[in-house]
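Worksheet: one structure, shown below.
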Amino acid sequence: MTLGYDEVITAFAPVIGLETHVELGTVSKMFCGCSTEFGAEPNTHTCPTCLGLPGALPVANASAIEYTIKIGLALNCTIASWCRFARKNYFYPDMPKNFQTSQYDEPLCVEGYLDVVVQGQSYRVGIERVHLEEDTGKNTHIGGATGRIHGADYSLVDYNRAGIPLVEIVTKPVEGTGALAPEVAKAYVTELRDILRTLGVSDVKMEQGSLRCDVNTSLMPVGSSQWGTRTETKNVNSLRSVERAVRSEMIRQAGILSEGGRIKQETRHFQEATGTTRSGRSKEEATDYRYFPEPDLVPLAPDRDWVATIKAALPELPAARRQRLTTEFGLSEDDLQKLVNADAVDVLAATVAAGSSAGDARNWWLGYLAQQANSRDIEVSALPITPAHVARIIELVNAGTLSTALARQAVDGVLETGADVDAVIAERALAVVSDTSALTDAADAAISANPDAADKVRGGKLPAIGALVGAVMKATRGQADAAAVRRILLERLGVSE
Amino acid sequence: MANLIELSAVETAAAVASGQASAVEVAQAHLDRIAAVDGDVKAFLHVDTEGALSAARAVDEAKADGQPLGPLAGVPLAMKDVVVTKGIPTTSGSKILQGWIPPYDATVTRLVKQAGIVMLGKTNMDEFAMGSSTENSAYHPTHNPWDLSRVPGGSSGGSSAAVAAFQAPLSIGTDTGGSIRQPAAVTGIVGHKPTYGAVSRYGLIAFSSSLDQAGPFGRTVADTALLFDVLHGHDPLDSTSIPNVRLAAAAAAAEGAAGDLRGVRVGIVSELTGANGGYQQGVLDRFREAVDTLAGLGAEIVDLSCPHFDYALAAYYLIAPSECSSNLARFDSVRYGLRVGDDGQRSLEEVMSLTREAGFGAEVKRRIMIGTYALSSGYYEAYYGQAQKVRTLISRDFAAAFEQADVLVSPTSPFVAFGIGERVDDPMAMYVNDLCTLPASLAGTPAISVPCGLSSETGPALPVGLQIMAPALADERCFRVGAAFEAAYNAANGPIFKAIPSLGDAR
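Protein chains in written order, with my numbering: chain G, 27 to 523; chain D, -8 to 498.
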């Protein structure tokens, strides 16, 4: 039975939790000196350590530790004064040592929180831990129907990614969000991503996997405080998918529960095409990872002064920046929320920085550009147009070189071709026609082609001029300034206003 | 020069430096010796004739160019097969690594090469350094040059036998629970287990990461000290390497050789004197005589107790297998080494399993299973957790003992070399070989084994070792006291290695 979302919410309260993995943007890997650059030839960024060759040893990357502390501080966490790496033991060929060097019961950062605002309401998402570990290599399974290891003819392993520093950020269970659980989940990941970007610790590209999110979802009957069985949804590769995954999982679970069924604790995979989740491997039998402290690495004991120095040097974080921009740009709370939801705060600020007024920038990013993003099903910040492009458009409109209609055509051209604003204008001959003699000729042609309208205007019925203006605009393919056309028409008709 | 293989490392280096012998002549003499006797001793898994002669030629050329030579330039050395050597087969005594040619050098290998030391080849060992007799080698047992029917100790038995049999004046071993000291003791040579973190572990195929430590073997304390001076020092590639460590072992040995131990307090640990039996009488007799010798050199003898040493064996056999169960997980057939059953039909898991079944020997499997169990959820605290607490208590015992004494002494092993095959069916009988060496391993403190006489209790005259233990980073004390003892012993009896029966040819 499939319930409508309203029915789901009437009967059940969701509890969500998020585990986010962030590939840090350090120059070298977590435990060796290999490059972390994305997209290199397979297995070229490898060495004895990240290949797990016999005898090779890890040495912890100090930058990665510093980045993790930055993240912890930005998430209001306590930074451990002493902690250790731990080995997580399991066999899988993308893991060269058959154990992952991670952290277990002694994470680097603990007990923080992140506040997010959804529909004017603030939600505090508790942060349980932020810990540091190494990424695995990447398997490609060739042959077979599923692209998974079972049934494949053979598998290829690329260890370039093996050993890239990975930070795992785990929230506490988030309750009390009700119908807004999907939006809160998305807002959390969005805010987290913006913080990580502001800190400069990761390029946070969900599509390249440098930011990966697993979403835990469970339902309990409204009024209950006993959490239901949760599922863990993986393969959630965009901000929109976070929201869709939670919503779809809530609907799926509610369908089962309302028929008296029980939820299986399992890993599920989000499917972008359908917006639904499908069952992955079962977690009923918990794997015993045999964690123990990593004996190849000395404990981490971040010096308190060092932590204080890092804290003092933290950049202005997104929430504070938004507050400041709201004041500086004179935005309403409503505008701000729209900008945040549209992921347009950064592009707005950058457009202002490029010379536009806040009002013009707001109008473009929340107006025509937001529509374009919507119709393409992407975030406005992901449109292939830069704040510099938009600032140039605004500049040309304000100078009278472009009409609003022409400006939109110019934007369309940039979105289609990726070319510069001025190149698009030149290519498509989009500039406003201000050549008076050309307009006069067009006006005369329009008058002789529409004698009735011309007579009405001459007779004092000024609104009839619309047909003539339209004819001139058509003749000039919309590139004339309508006000100028009207003025010339009146002049040729010998009528004054 | 008459017999190059009988020279000490110090004498060999001097001969090369002065031009009395070329490094190539020295290397060739040892390669000839290996060819003559290793069929009986079986100390080597791989002899690198080409590489050795090439390294020797480089030393001779450097000398001809007038470049300064290091204190061990041109001296041959045998390397335990647990140490990774670029381009030279490295198996760790296991079938699972048969045919693997490492693409890189261990830090220890690099330091040896940089010192102009001539590496002759790779020596036999118990598989993955697990054992006390070298019988767990996947290839063949090594024979003790003192009595070829007996074991040379282990796990570094190939390295100890090679030095005792004059196949090399120096060798390198690794010591996790006694694997340098016990083989040194039962082959009548000197072996030093450094302070944990003094010698880089980068490129040592890990058995138990928190215990493994590479160290030198030699026939004299001075030779052993010189090699230690080459090997130790901070290594940025090893996180557990101690920063800024720079010791002067050779100088300490030279100071000790003058024979004055006045003001040195020597502690006798009552737990390591066989009060509850289990030690051979001949071993205890030689140990007592050694203590008397030290007293005769002016040392003050202190009796003391380290009560938690009695739990060292139990703690060790939880910690080492636990770490090994994780360290050896990488041998899965995917990237290197043996692969069994890959017929295009079997699953990855089956191929991994068949490979590990075929590639690991019984002792390795036993320890992987013990360790896997000890780390399992629900058992971790009772086993691994408790063992780590014992380890802390042992460290505290050491700290308290070193308040009362500058060094601690004990027999190195409760037994002299035993017969090949004698203990293979009884793991516990094998494990007790390490009773005296385990405490220093668990505490990460340095200890040396120096020959202290012969015992004929089990048949032929066989060597007994004296273990001298010092606080962390006080390795120099081991060498100083060891050299003082050695000088006094030699003055009274002559060097013990001179008593090794001849093998095959006349030396």
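Every residue gets a Cβ at the ideal spot worked out from N, C-alpha and C, and that includes glycine.
Kindly indicate which three-state DSSP category residue 144 of chain G falls into: helix, strand or coil? strand
CA-CA distance, residue 191 of chain G and residue 116 of chain G? For residue 191 of chain G and residue 116 of chain G, the distance between alpha carbons rounds to 19 Å.
Where the alpha helix (DSSP H) through residue 401 of chain D begins and ends: No alpha helix (DSSP H) contains residue 401 of chain D, which is instead part of the beta strand (DSSP E) from 398 to 402.
What residues from chain G crowd round residue 343 of chain D, counting only those whose CB sits closer than 8 Å? 117
By a C-beta neighbour count over all protein chains shown, 10 Å radius and 16 as the cutoff for buried, is residue 363 of chain D buried or exposed? buried
Using a Cβ cut-off of 9 Å (strictly closer), state whether residue 80 of chain G contacts chain D. yes
Residue nearest to residue 395 of chain D in terms of C-alpha spacing, selected from D/125, D/206 and D/260: D/260
What is the residue span of the alpha helix (DSSP H) that residue 47 of chain G lies within? Counting along the chain, residue 47 of chain G falls outside any alpha helix (DSSP H), though it belongs to the beta strand (DSSP E) covering 38 to 49.
Quick check: the Cα distance between residue 59 of chain G and residue 226 of chain D, rounded to an integer number of angstroms? 15 Å
Selection from D/416, D/398, D/457 and D/414 that minimises the alpha carbon distance to residue 427 of chain D: Of the listed residues, the one whose Cα sits closest to residue 427 of chain D is D/457.
The stretch 194 to 224 of chain D: positions lying closer than 9 Å to chain G by Cβ: 194, 195, 196, 197, 199, 200, 201 and 202
Would you mind giving the Cβ-Cβ distance between residue 4 of chain D and residue 88 of chain D, rounded to the nearest angstrom? I have them listed as a contact below 8 Å. Not confirmed; about 33 Å, so no contact.
Looking at the unbroken beta strand (DSSP E) that takes in residue 37 of chain D, where does it start and where does it end? 35 to 38
Option nearest residue 176 of chain G by Cα separation, candidates D/158, D/340 and D/461: D/340
Counted within 10 angstroms of its Cβ, other Cβ atoms place residue 51 of chain D as buried (16 or more) or exposed: buried
At 7 Å on the CB atoms, spell out the chain G contacts of residue 325 of chain D, in chain order. 119
Applying the criterion that 16 or more other CB atoms from any shown protein chain within 10 Å of the CB defines a buried residue, is residue -4 of chain D buried or exposed? With 16 or more other Cβ atoms within 10 Å, it is buried.
Please list the partners that residue 314 of chain D has in chain G, where partner means a Cβ-to-Cβ separation under 7 Å. 321
Could you pull out every unbroken alpha helix (DSSP H) segment of at least 4 residues lying fully inside the stretch 270 to 339 of chain D, listed in chain order? As far as the stretch 270 to 339 of chain D is concerned, its whole alpha helix (DSSP H) runs of at least 4 residues are 272 to 287 and 303 to 318.
Under 7 Å between beta-carbons, which chain G residues line up against residue 192 of chain D? List them in chain order, please. 83
Just the C-alpha distance for residue 486 of chain D and residue 183 of chain D, rounded to the nearest angstrom, thanks. Rounded to the nearest angstrom, the two C-alpha atoms are 18 Å apart.
Are any of the Cβ atoms in chain D nearer than 9 Å to that of residue 164 of chain G? Not one beta carbon of chain D lies nearer than 9 Å to the beta carbon of residue 164 of chain G.
Would you verify that the beta carbon of residue 72 of chain D is, or is not, closer than 9 Å to some beta carbon of chain G? no
Rounded to the nearest angstrom, what separates residue 257 of chain D and residue 287 of chain D at their Cα positions? 12 Å
From which residue to which residue does the alpha helix (DSSP H) around residue 250 of chain G run? Residue 250 of chain G -> no alpha helix (DSSP H), and no H or E assigned at all.
Identify the contact partners of residue 228 of chain D in chain G, using a Cβ-Cβ distance below 7 Å as the criterion. 83 and 85
7 Å CB neighbourhood of residue 524 of chain G in its chain, flanking five on each side removed: Any answer about residue 524 of chain G is impossible in this case: the structure gives chain G only from 27 up to 523.
Give me whichever residues DSSP pairs with residue 477 of chain D in a beta bridge. Answer is none; residue 477 of chain D lacks a bridge partner.
Counting only beta-carbon atoms, is residue 186 of chain G nearer than 9 Å to chain D? Contact with chain D is absent for residue 186 of chain G, since none of that chain's Cβ atoms lies less than 9 Å from the residue's Cβ.
Enumerate in chain order the residues of its own chain whose CB-to-CB distance from residue 317 of chain G is below 7 Å, with the five nearest sequence positions on each side excluded. Cβ contact annotation for residue 317 of chain G (same chain, cutoff 7 Å, sequence separation greater than five): 112, 113, 114 and 130, in chain order.
Contact criterion: CB-CB distance below 9 Å. Does residue 307 of chain D meet it with respect to chain G? no
Would you identify the three-state DSSP class for residue 158 of chain D, choosing helix, strand or coil? coil
Backbone CA spacing between residue 406 of chain D and residue 135 of chain G [nearest angstrom]: 51 Å
Using a threshold of 9 Å, state whether the C-beta atoms of residue 255 of chain D and residue 440 of chain D are closer than that. no
Under a three-way DSSP split, which group does residue 361 of chain G fall into? Three-state DSSP puts residue 361 of chain G in a helix.
Through-space distance from residue 450 of chain G to residue 439 of chain G, alpha-carbon basis: 6 Å
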